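Undergrad:
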Ligand code: GDD
Ligand code: MN
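Numbering (the working numbering), first residue to last: 5 to 373.
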């Protein structure tokens, strides 16, 4: 084993969530392929219940190239990578998955391209000659193709594999736009291309996406939703926070729920309008609360008793929001009598209020003493 005495040239950032079985293998493989390069390996672990961070620390005691950044009460692949990339002084930084699906043997080639050519990013690509996705089922393959096409549209660069999670970048490029990255979801590379002020000079190198070594994939429906949010955000611009967009979309779904309950209760169950309307409001607030907890605040989801407290504060905040909505709308209506505009203004005030208040009181960050 070699001991580093100089600052690293290359930092490999590996995000982990329940990858305890894989971390040992990665270190061994990097030792082999990166011989002759000054490198460091930084695992960014979101407090995996399987003890990945503990395992990495044990490895780090024997190998000073290895480090761990353990984040508590947080989740998210992109944000983990960003924090890792900002935690190193290396001029070249790579992102690679922990499950050995990415081909680490490509790293030295990526580095030499970056060092010898005027390039900002080198990307491991599955969709150019010589690359491949291995044994994906038809559904996963077609989903990946769709997401790829949407992504290509967003960034206006001729990238064959914008969804790649395997790339190396000049650290400065990342530092230049770190503040404006959306940091949501899985697609850091796409985020980087969409955020960087000028076009990025890139090159794609083929590799074959391998089957996962151990453990299981964390890519689920919520990840698709986050991808959609990131696309919307890049499209509307950085002024609107992603969570606000999610909150508003879910709010719109609440209108449907409201109408459905109102109709069922008023028309089918024959209750008074007041009872039906109150019931519909409460049900819509409740479904909104749970959907926001599942998606908008996926990374700081409330559980157990917190869920009850959260629900209560959400209903309380939104009730005040509803009053503000009605107040503003009727005030405008009296002044100008444009009913559609008055209603929209009222809704806007209500949504902004609900979002701002629940962000602070319902999903407040856990107190870490
Ligand atoms: N810190 C942290 N926090 N790491 C995470 C999290 C998280 O919330 N979620 C996933 N990871 C880590 C995993 O431990 C793994 O090392 C890596 O991120 C990729 O996660 P997988 O669950 O294995 O994702 P995948 O194989 O389905 O997706 C990969 O392929 C896609 C291409 O289709 C990723 O490389 C994607 O970035 C890539 O787009
Ligand atoms: Mn994987």
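For glycine and all other residues, C-beta sits at the position ideal for the given N, C-alpha and C.
As the structure is a computational prediction, the values presented were derived from the model and not from experiment.
#1: What does the alpha-carbon distance come out to for the pair residue 281 and residue 84?
#2: Using 9 angstroms as the threshold, is the C-beta distance between residue 367 and residue 306 below it?
#3: Could you compute how far the alpha carbon of residue 111 sits from the alpha carbon of residue 119?
#4: Along the chain, which unbroken stretches of the alpha helix (DSSP H) at least 4 residues long are found entirely within the segment 116-179?
#5: If I'm right that residue 244 touches residue 114 with Cβ under 8 angstroms, what's the distance once you round it to whole angstroms?
#6: Classify residue 195 as helix, strand or coil using the three-state DSSP reduction.
#7: Check whether the Cβ of residue 216 lies closer than 8 angstroms to any heavy atom of the ligand MN, and answer yes or no.
#8: Go through its chain and collect everything with a Cβ distance to residue 261's Cβ below 7 angstroms, but skip five positions before and after it.
#9: Mind checking residue 250: buried by the 16 CB within 10 Å criterion, or exposed?
#10: Just to confirm, does residue 269 get its C-beta within under 8 angstroms of one of the non-hydrogen atoms of the ligand GDD?
#11: Tell me where the beta strand (DSSP E) around residue 43 begins and ends.
#12: Sort 55, 331 and 310 by Cα distance to residue 346 and report the nearest one.
#13: According to DSSP, simplified to helix, strand and coil, what is residue 20?
#14: Which value, in whole angstroms, describes the spacing of the CA atoms of residue 132 and residue 26?
#15: Just checking residue 276 against the ligand MN - is the residue's beta carbon closer than 8 angstroms to any of the ligand's heavy atoms?
#16: Assuming the contact rule is C-beta atoms closer than 8 angstroms, residue 189 and residue 103 should be a hit. Round their C-beta distance to whole Å, please.
#17: Take the Cβ of residue 77 as the centre, count every other Cβ of all protein chains shown within 10 Å, and call the residue buried at 16 or more, exposed below.
#18: Assuming residue 254 and residue 285 make a contact with CB atoms under 8 angstroms, what is their CB distance in whole Å?
#19: Check for me: the beta strand (DSSP E) holding residue 71 runs from which residue to which?
#20: Under the three-state reduction of DSSP, which class applies to residue 66: helix, strand or coil?
#21: Does any heavy atom of the ligand MN sit closer than 8 angstroms to the C-beta of residue 101?
#22: Under a three-way DSSP split, which group does residue 112 fall into?
#23: According to DSSP, simplified to helix, strand and coil, what is residue 14?
#24: Just checking residue 299 against the ligand GDD - is the residue's beta carbon closer than 8 angstroms to any of the ligand's heavy atoms?
#25: State the Cα-Cα distance for the pair residue 316 and residue 44, rounded to the nearest angstrom.
#26: Below 8 angstroms on the Cβ atoms is my guess for residue 193 versus residue 168; work out the distance and round it to an integer in Å.
#27: For residue 188, which three-state DSSP category applies?
#28: Alpha carbon to alpha carbon, how far is residue 19 from residue 352?
#29: Please classify residue 200 as buried or exposed, where buried requires at least 16 other C-beta atoms within 10 Å of its C-beta.
TA: In terms of the structure at hand:
#1: 44 angstroms
#2: yes
#3: 12 angstroms
#4: 142-159
#5: With 8 angstroms as the limit, residue 244 and residue 114 do not qualify as a contact, their Cβ atoms being about 35 angstroms apart.
#6: helix
#7: yes
#8: 287, 288 and 291
#9: buried
#10: no
#11: 43-49
#12: 331
#13: strand
#14: 28 angstroms
#15: no
#16: Residue 189 to residue 103, Cβ: 18 angstroms. No contact.
#17: exposed
#18: Not really, about 15 angstroms apart at Cβ, beyond 8 angstroms.
#19: 70-74
#20: helix
#21: yes
#22: helix
#23: strand
#24: no
#25: 47 angstroms
#26: 6 angstroms
#27: coil
#28: 38 angstroms
#29: buried
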